[in-house]
Every structure is written in structure tokens, then in C-alpha cells.
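Counting in the numbering used here, the sequence shown runs without a single skipped number right up to 319 at its last residue. Heads up, the beta-carbon is just placed ideally off N, CA and C, and yes, glycines get one too. Since the structure is predicted, the reported quantities are computational estimates derived from the model, not experimental observations.
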Amino acid sequence: MTEKKNEFEKKVSDVIHQPLHCLDLHTIQINIGFLCNQTCEHCHVDASPKRTEQMSWKTMQTILSITEKLLPIFIDITGGAPELHPHLEQFLRNLIKQHHQVQLRTNLTILLESKYKYFPELYKELGIELVASFPCYLEEELRLQRGKGVFEKSIKLLQLLNKIGYGTSPELPLTLVFNPLEPVLPPEQKTLENDYRKYLSEHYKIQFTRLITLTNMPIGRFINVLKDKKPQYMTLLKQSFNPQTLSSLMCRHQINIGWDGTIYDCDFNLAAGLPVTTKVSRRIEQFDHSMLSTRKIATADHCFGCTAGHGSSCGGALV
Ligand code: SF4
Ligand code: SF4
1 MTEKKNEFEK KVSDVIHQPL HCLDLHTIQI NIGFLCNQTC EHCHVDASPK
51 RTEQMSWKTM QTILSITEKL LPIFIDITGG APELHPHLEQ FLRNLIKQHH
101 QVQLRTNLTI LLESKYKYFP ELYKELGIEL VASFPCYLEE ELRLQRGKGV
151 FEKSIKLLQL LNKIGYGTSP ELPLTLVFNP LEPVLPPEQK TLENDYRKYL
201 SEHYKIQFTR LITLTNMPIG RFINVLKDKK PQYMTLLKQS FNPQTLSSLM
251 CRHQINIGWD GTIYDCDFNL AAGLPVTTKV SRRIEQFDHS MLSTRKIATA
301 DHCFGCTAGH GSSCGGALV
């Protein structure tokens, strides 16, 4: 029996004449939990101080037993605020011992809290690459998106990270992340990066390695921001479909492991409760690298967020 295609799948097969499959698996993204000290408006995983989901040490150990057998791979740690996980340090030390390249997504503000102040030096010691949310260099706009006081704290932290070498020395990359406040597509990445660089350097003497732009996905808490504008936003995403983004879609080069050990194609599918297709195992206990490397990707309407305009992924624009 032929499977019924959703709208995104139809659009994709009009271009590539086959379903979307993984092309090569060079990244494992690991979401270690939804607990966060912030409650940002656009958060696709709906993270907040009230969330209790966190990866157990047992699940982390299972992941380590998988990564131990892999050649060095790119590992991308996300959350929530990863620093709130009690076993983060132990997990990172083991991944580095296995010679993987490790990147971690930090919201910056958590690093000012006394209990978590040691993390920047730990990251430096282990050579962890940092990706920091900083969706606007203008104070007022950032306050609207991320809450009161977040701008000042983020500036302080970026200066501190610069001081210890992040964003100022090539071996300690510091990537900043932009996403729009309004339901619109992000501006062109390189142009915006130049604006960020000029403004942050002139006003705060802050340096960073690169800026990445992300499209807000029509899932998680951003749905509340959209309210009755959701149909217009979906129309914008669909009308902006760019076929050139298809080969670089992040799901074609990575998998995502959720806090409970379920395997997803990406963090957005995790947020939407859409695990990898039933043709491959959905649990890390049966992790099969070669099957996952060629798997068919599970898609839904929110995927139009990745193919709109210049494209979007956890690594920024795609074209
Ligand atoms: S966007 Fe990041 S910092 Fe904001 S609530 Fe979500 S996980 Fe936390
Ligand atoms: S939302 Fe995930 S599965 Fe869908 S296109 Fe984007 S990366 Fe791929």
C-alpha cells in the first residue's frame, strides 16, 4: 500500500522525485532536558523553570557506550539550559575523552548564577565550542523576547567569555544565535552578522566568531506568540519554500536524541513529538548507525520552517 504523503513530502518529491532521506550522519544532537532558568517567548521546546524532564545518568551512559564505538563525530548538546543538568560535567568529560568534537548551546544568563559560574572555565579546559542565544543586539527588543534583565546579563557574560578566549581565539569558537521577534523570516545572515559585529564591538567591545540566523518554528511556545496569525505565518513559510535548501537540511546529516532516550530526526521533531520512522529503532538501546544514516525522515507542516527563504537549521541559514 502506498503511504499518503503530507504537504511537505509532496513539495519535496516534486523537486527530488523521492522521499527525504538522511545523506550522511555526521552530527548527534543530544537534548538533555527541558529545565531552563528562562521562559523565552519563541522557545520551540517550551522549556522553563517548571519543566522537570531531564536525561538520566543511565541514559547518558548508554549514549556514551554508543559514541565510544564511533569515529570522532560532532556532538551538539542542547536543552533547556544544559548547565542545570547535574551530570553535565561528567558527560562532557567522557565525550571529550572519546575524542569527539563537542558543541554546547548556552543561554548565557545561567552562567551568572553562583552555582554555575565555573562552567566557562570548564568549557575552556575541555575545548567545548559554545553557541549562545543572543537574538538581538538592541536591549529593548531582546527584553521583549527573553525577559527583563536578560540583555545586561548576556552582555556581561559575552565580555567574560571574550576575556577567557571565547570569540577571541580560533580554538574557542563563540557563535551567536539570532531569531526574529516577529513572525517574519530572518534577514540575510552575513549582513546581519556584520551589523552585530559593528554594534557589539563599538558599544560593548564584544567579539564573536560568527552569527547564525534561525527561523522561528511554528511549534512550542512560538504558537502562543502567533495566536491568530498562525495561518498567515504558515502561508509565508510555504510560499517561501526554497528547493535549494533540501540537500543541507539538518535532518539529512544528523539525528537527535531526546532526554528519555528516544531518537528523533531533529530537535523540532522532538518538540513536535514526532520520532524517527518505525522502519528504524526509535530507542538508543537499539541504536543502529548504518540504518540511521540512510533512514527516511519523518516530516510535518513545521518542516516548511527549515526550507523557507535562506533555509534554517540549528547551524543557521542553509543557502
Ligand atoms: S529558548 Fe533557550 S533559553 Fe529560552 S527558554 Fe528555551 S531553552 Fe531556555
Ligand atoms: S523540522 Fe526537522 S525533519 Fe523537518 S525539515 Fe527541519 S530538520 Fe528536517
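Residues of its chain near residue i, where Cβ-Cβ distance is below 7 Å and the 5 sequence neighbours each way are ignored
i, result
"residue 327", "Summary: the structure shown does not reach residue 327, with the chain confined to residues 1 through 319, and so no result is reported for it."
"residue 309", "185, 240, 242"
"residue 18", "none"
"residue 24", "253, 293"
"residue 63", "30, 257, 284"
"residue 139", "151"
Beta carbon of residue i nearer than 9 Å to that of residue j
i, j, result
"residue 204", "residue 254", "no"
"residue 74", "residue 106", "no"
"residue 313", "residue 249", "yes"
"residue 307", "residue 246", "yes"
"residue 92", "residue 104", "yes"
"residue 230", "residue 7", "no"
"residue 167", "residue 124", "no"
"residue 301", "residue 45", "no"
"residue 176", "residue 131", "yes"
"residue 129", "residue 172", "yes"
"residue 142", "residue 109", "no"
"residue 200", "residue 137", "yes"
"residue 224", "residue 89", "no"
"residue 4", "residue 13", "no"
With 16 other Cβ atoms within 10 Å as the buried cut-off, status of residue i
i, result
"residue 265", "buried"
"residue 145", "buried"
"residue 15", "exposed"
"residue 135", "buried"
"residue 285", "exposed"
"residue 21", "exposed"
"residue 127", "exposed"
"residue 189", "buried"
"residue 9", "buried"
"residue 275", "buried"
"residue 194", "exposed"
"residue 118", "exposed"
"residue 278", "exposed"
"residue 120", "buried"
"residue 332", "Lying outside 1 to 319, the shown extent of the chain, residue 332 is not represented and no answer is given."
"residue 65", "exposed"
"residue 114", "exposed"
Sequence-distant residues of its chain with Cβ nearer than 8 Å to residue i (five each side left out)
i, result
"residue 283", "261, 262, 263"
"residue 67", "28, 73, 75, 95, 98, 100"
"residue 192", "178, 186, 211, 213"
"residue 259", "31, 32, 33, 34, 53, 54, 55, 59"
"residue 43", "36, 220, 221, 222"
"residue 233", "183, 218, 226"
"residue 206", "155, 158, 159, 162, 167, 200"
"residue 272", "219, 300, 302"
Residue-chain proximity (residue i, chain D), Cβ-Cβ < 9 Å
i, result
"residue 221", "Protein chains in the displayed structure number just one, and chain D is not present."
Own chain partners of residue i with C-beta closer than 6 Å, once the 5 adjacent residues on each side are dropped
i, result
"residue 297", "20, 251, 265"
"residue 39", "48"
"residue 148", "none"
"residue 256", "29, 264, 266, 267, 270"
Inset, instruction - Spell out a yes or no on whether the segment 141 to 159 and the segment 290 to 306 are touching, meaning 3 or more CB-CB pairs, one atom from each, closer than 8 Å. - result: no
Legend entry - Residue list, Cβ distance to ligand 1 heavy atoms smaller than 7 Å: 36, 38, 39, 40, 42, 43, 45, 47, 48, 79, 80, 81, 107, 133, 146
Legend entry - Stretch-stretch touch, CB-based, cutoff 8 Å, three pairs: the segment 173 to 180 with the segment 205 to 220: Cβ pair count under 8 Å is three or more, so yes.
Inset, instruction - Report yes or no: do the segment 78 to 95 and the segment 15 to 34 share at least 3 C-beta pairs separated by less than 8 Å? - result: yes
Inset, instruction - Anything with a beta carbon under 6 Å from a heavy atom of ligand 2 counts; list them all in chain order. - result: 249, 250, 251, 265, 266, 268, 269, 297, 299, 302, 303, 306
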